[in-house]
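Protein chains in written order, with the numbering used here: chain A, 105 to 340; chain B, 26 to 374.
Below you'll find the structure, written out as structure tokens, and then a few comments.
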Amino acid sequence: MPKLVLEDVHVHYGGIKALKGISLEIDAGEIVTLIGANGAGKTTTLRTISGLLRPAAGRITFDGADLTRLKPHEIVAQGISHAPEGRIVFANLTVRENLELGAYRRRDRDGIRRDLERVFTLFPRLKERYSQNAGTLSGGEQQMLAVGRALMSSPRLLLLDEPSLGLAPILVRDIFQTIREINAQGMTVLLVEQNAHMALQIAARGYVLETGQVIHSGAAKELASDERVKKAYLGE
Amino acid sequence: MSGARRAWMAVERFATASLVGRLAALAVTIAVLVVLDRALSRLLNPYVFRILMLCGINIVLAVSLNLINGFTGQFSIGHAGFMAIGGYAAAAMTTYWGPAALKAFAAVGLAGGIGTSMLFVLALLFGGLLAAAAGLLVGIPSLRLRGDYLAIVTLGFGEIIRVVILNLDFLGGARGFPGIPRYTNFFWVAFSGVVVVLVVRNLVSSAYGLAFRMVRDDETAAAAMGVDTTRFKVMAFVIGAFFAGIAGALFGHYLIYLHTNSFTFMKSFEIVIMVVLGGMGSIIGSVIAAILLTILPELLRSVQQYRMVFYSALLIVLMLTRPQGLFGSGTPFGLGRLWSKRREVRRAA
Chain A
105 MPKLVLEDVH VHYGGIKALK GISLEIDAGE IVTLIGANGA GKTTTLRTIS
155 GLLRPAAGRI TFDGADLTRL KPHEIVAQGI SHAPEGRIVF ANLTVRENLE
205 LGAYRRRDRD GIRRDLERVF TLFPRLKERY SQNAGTLSGG EQQMLAVGRA
255 LMSSPRLLLL DEPSLGLAPI LVRDIFQTIR EINAQGMTVL LVEQNAHMAL
305 QIAARGYVLE TGQVIHSGAA KELASDERVK KAYLGE
Chain B
26 MSGARRAWMA VERFATASLV GRLAALAVTI AVLVVLDRAL SRLLNPYVFR
76 ILMLCGINIV LAVSLNLING FTGQFSIGHA GFMAIGGYAA AAMTTYWGPA
126 ALKAFAAVGL AGGIGTSMLF VLALLFGGLL AAAAGLLVGI PSLRLRGDYL
176 AIVTLGFGEI IRVVILNLDF LGGARGFPGI PRYTNFFWVA FSGVVVVLVV
226 RNLVSSAYGL AFRMVRDDET AAAAMGVDTT RFKVMAFVIG AFFAGIAGAL
276 FGHYLIYLHT NSFTFMKSFE IVIMVVLGGM GSIIGSVIAA ILLTILPELL
326 RSVQQYRMVF YSALLIVLML TRPQGLFGSG TPFGLGRLWS KRREVRRAA
């Protein structure tokens with residue numbers, strides 16, 4: 105039963121405390137979202153889970169295994185895949201090569217081919233563009249590629265950082281629809297979003313972060329109707 | 026497809042497919058280089074021959090630095106330091122232990138040329154390995170530093186090595202290290218050049234190569250894909266430094282005299298210029314730039330005191346017109362298109 109647990113995680117950037125004791129849990133098959141303003145620590149939380157940052161204190165476990173001191177590539181091997189913020193794709197490589205890189209640690213050719221087909225089914229646009237350099241894709245397509253590439257490592261938990269950032273509203277709807285589809289196929293998703301409104305629509309549960317701490321948590325529907333959350337993050 | 030290319034591909038397939046093929050290719054390469062060695066050292070006048078040798082040594086330096094700077098994206102300007110370590114280590118070995126070693130080789134029937142060749146190979150490897158150990162030392166800070174900061178550390182490291190050697194009396198100190206046997210000949214220079222090109226080419230066109238380039242293009246994304254970025258950065262430094270050490274050993278045993286003035290940061294910059302001019306991440310670019318930049322100052326001797334002005338002006342013009350370098354397509358040998366075409370054919374089949 106894959107389950108991600110963060111217990112009292114602290115992260116510092118030099119002297120600046122970015123996370124001041126974050127605790128959260130994600131159960132298998134859930135979509136959980138982290139919402140909050142700029143600088144609340146959402147991206148820092150994801151980067152800490154995937155090992156790009158080291159926690160100063162606290163514990164992170166996944167499926168019982170301790171991730172706290174593992175390096176990023178070891179965490180990928182544990183079945184956690186991270187699509188970093190800002191649609192980081194390898195601009196000089198083709199769409200297909202980018203996707204193949206997602207499967208960098210895998211050796212099962214048949215499985216890789218199956219997952220490639222799956223990504224093309226989820227994102228037909230990528231199939232149309234598959235021999236094109238990733239740098240020539242539109243913003244939305246690059247975002248699809250970043251998500252698709254994260255799926256290629258055949259993860260059990262997908263970490264998505266701001267997948268809707270800078271996209272046209274119609275594309276935002278598409279990408280959230282696809283995230284829901286991916287989840288329906290059994291993937292556990294931890295979603296970081298500034299677009300709290302959309303995120304709470306597809307997530308089962310949510311955590312609200314403020315200056316490095318969890319200030320609210322609960323079922324997505326409750327959060328969406330919570331007056332304080334509405335006021336602060338939903339612009340109502 | 027032309028007949029010549031088909032024949033070449035058949036040769037290539039034979040030479041890489043099996044152990045026998047590889048050994049045959051190695052034997053042919055050695056035979057060709059030995060013949061060239063004999064011929065060139067007799068036919069060419071000493072001045073031209075000397076430039077040829079320096080070209081070869083610079084090729085080893087430029088291609089090995091390209092692995093660090095061009096393919097892995099770790100901006101290092103301390104290559105002369107690694108070169109110095111290799112040069113001095115190998116020179117100390119052949120000068121201090123050489124006579125005893127030669128006697129020992131002779132005792133087991135390896136007299137004359139074979140004995141000295143054995144000794145020189147050992148010295149080359151010793152120089153390379155010591156330099157590689159230093160590469161490991163520099164590789165470790167490179168895990169934490171990026172860009173300008175790394176450049177400063179490598180620059181400082183190169184200077185530290187130089188100053189340490191300057192103060193080591195058994196390496197000659199400020200007087201320089203005289204009396205090194207002249208073991209370097211065309212064969213060893215060319216052979217080292219072939220080896221460094223093959224090693225770097227095979228590294229970067231393998232699955233490893235993809236990892237090197239991922240680290241260069243985006244370290245975060247590479248780590249998120251499951252690449253052990255630390256390992257590849259250190260590996261680039263260690264391998265690059267190894268060949269710089271070999272180049273240093275060749276250099277010392279060619280000039281038969283070493284002085285720390287040959288290994289100032291100017292030398293490091295010279296190598297960086299070769300890599301940038303040839304194109305970051307292009308092996309053929311590094312080779313051609315190394316040759317060009319070795320010959321160019323010689324050609325400019327006719328303009329005498331304006332030599333460095335012309336040299337600098339040429340570099341500026343080249344960088345303005347081709348900022349990506351002469352061969353900066355990012356693929357080894359500029360054969361990228363051919364390569365991917367072949368891959369697609371194989372995929373379709």
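Heads up, the beta-carbon is just placed ideally off N, CA and C, and yes, glycines get one too.
Secondary structure in the stretch 254 to 339 of chain A: the alpha helix (DSSP H) runs of 4 residues or longer, each lying completely within the stretch, are 273 to 288, 300 to 306, 324 to 329 in chain order. V133 of chain B carries a coil assignment under DSSP once its states are collapsed to helix, strand and coil. By the Cβ rule, the stretch 247 to 263 of chain B does not count as touching the stretch 223 to 232 of chain A, because fewer than three pairs are nearer than 8 Å. Out of A:M248, A:N142, A:E285, the CA that lies nearest to the CA of N202 of chain A is found in A:M248. In this structure, the beta-carbon distance from L255 of chain A to L262 of chain A falls below 8 Å. Of all residues in the stretch 204 to 231 of chain B, none comes within less than 8 Å of chain A when Cβ atoms are compared.
Of all C-beta pairs linking the stretch 310 to 326 of chain A to the stretch 117 to 135 of chain A, three or more are shorter than 8 Å, placing the two stretches in contact. At least one CB of chain B lies nearer than 8 Å to the CB of S154 of chain A. C-alpha of I139 of chain A to C-alpha of L205 of chain A: approximately 30 Å in a straight line. With its beta carbon less than 8 Å from one in chain B, A181 of chain A belongs to the interface. The straight-line gap separating the alpha-carbon atoms of V263 of chain B and G270 of chain B is approximately 10 Å. Between the stretch 298 to 316 of chain B and the stretch 80 to 95 of chain B, the count of Cβ pairs shorter than 8 Å is three or higher; the stretches touch. Using a Cβ-Cβ cut-off of 8 Å, T245 of chain B counts as an interface residue toward chain A, since at least one Cβ of chain A sits closer than that to its own. As summarised for the stretch 219 to 257 of chain A, the continuous alpha helix (DSSP H) elements at least 4 residues long and confined to that stretch are 228 to 232, 243 to 255, given in chain order. At the C-beta level, I135 of chain A and A307 of chain A come within 8 Å of one another.
Taken atom to atom, the span from the alpha-carbon of I139 of chain B to that of D62 of chain B is near 16 Å.
For N299 of chain A, no chain B residue has a C-beta closer than 9 Å to its own C-beta; the minimum C-beta separation is roughly 22 Å. A residue is called buried once 16 or more other Cβ atoms fall within 10 Å of its Cβ, and V180 of chain A is buried on that count.
Between the C-alpha atoms of Y174 of chain B and L156 of chain A there is a straight-line separation of about 20 Å. When C-alpha distances from A274 of chain B are compared across B:S101, B:P348, B:L149, the shortest belongs to B:L149. Apart from the 5 residues on each side of it in sequence, L150 of chain A sits with its Cβ closer than 6 Å to the Cβ of L263, D265, V296 in its chain, given in chain order. Identification of residues in the stretch 192 to 208 of chain A having a C-beta nearer than 7 Å to some C-beta of chain B yields I192, F194, N196, L205, G206, Y208, given in sequence order. Excluding sequence positions up to five before and after R332 of chain B, its CB lies within less than 6 Å of the CB of L325, all in the same chain and listed in chain order. DSSP places D242 of chain B within a helical segment (H, G or I) once states are collapsed to three. Close to L168 of chain B, with beta-carbon spacing below 8 Å, lies no residue of chain A; the smallest spacing is near 11 Å.
In the DSSP assignment, V136 of chain A falls within the unbroken beta strand (DSSP E) covering 135 to 140. The residue from B:F39, B:I308, B:S337, B:L44 with its alpha-carbon nearest to that of V220 of chain B is B:I308.
DSSP, reduced to helix, strand and coil, places A169 of chain A within a strand of the structure shown. Interface with chain A (8 Å Cβ-Cβ cutoff): D173 of chain B is excluded.
Interface residue (Cβ-Cβ distance to chain B less than 8 Å): K231 of chain A is not classified as such. By the Cβ neighbour-count rule, P176 of chain A is buried, with 16 or more other Cβ atoms within 10 Å of its own. Rounded to the nearest whole angstrom, the CA to CA distance from I110 of chain B to L155 of chain B is 7 Å.
Closest in C-alpha terms to R253 of chain A, from the list A:R284, A:A288, A:I216, A:L275, comes A:I216. Three or more beta-carbon pairs separated by less than 8 Å link the stretch 109 to 126 of chain B to the stretch 196 to 211 of chain B, which places the two stretches in contact. Per DSSP, V113 of chain A lies in no alpha helix (DSSP H) segment; the continuous beta strand (DSSP E) that holds it begins and ends at 108 to 117. Less than 8 Å separates the beta-carbon of G201 of chain B from that of L283 of chain B.
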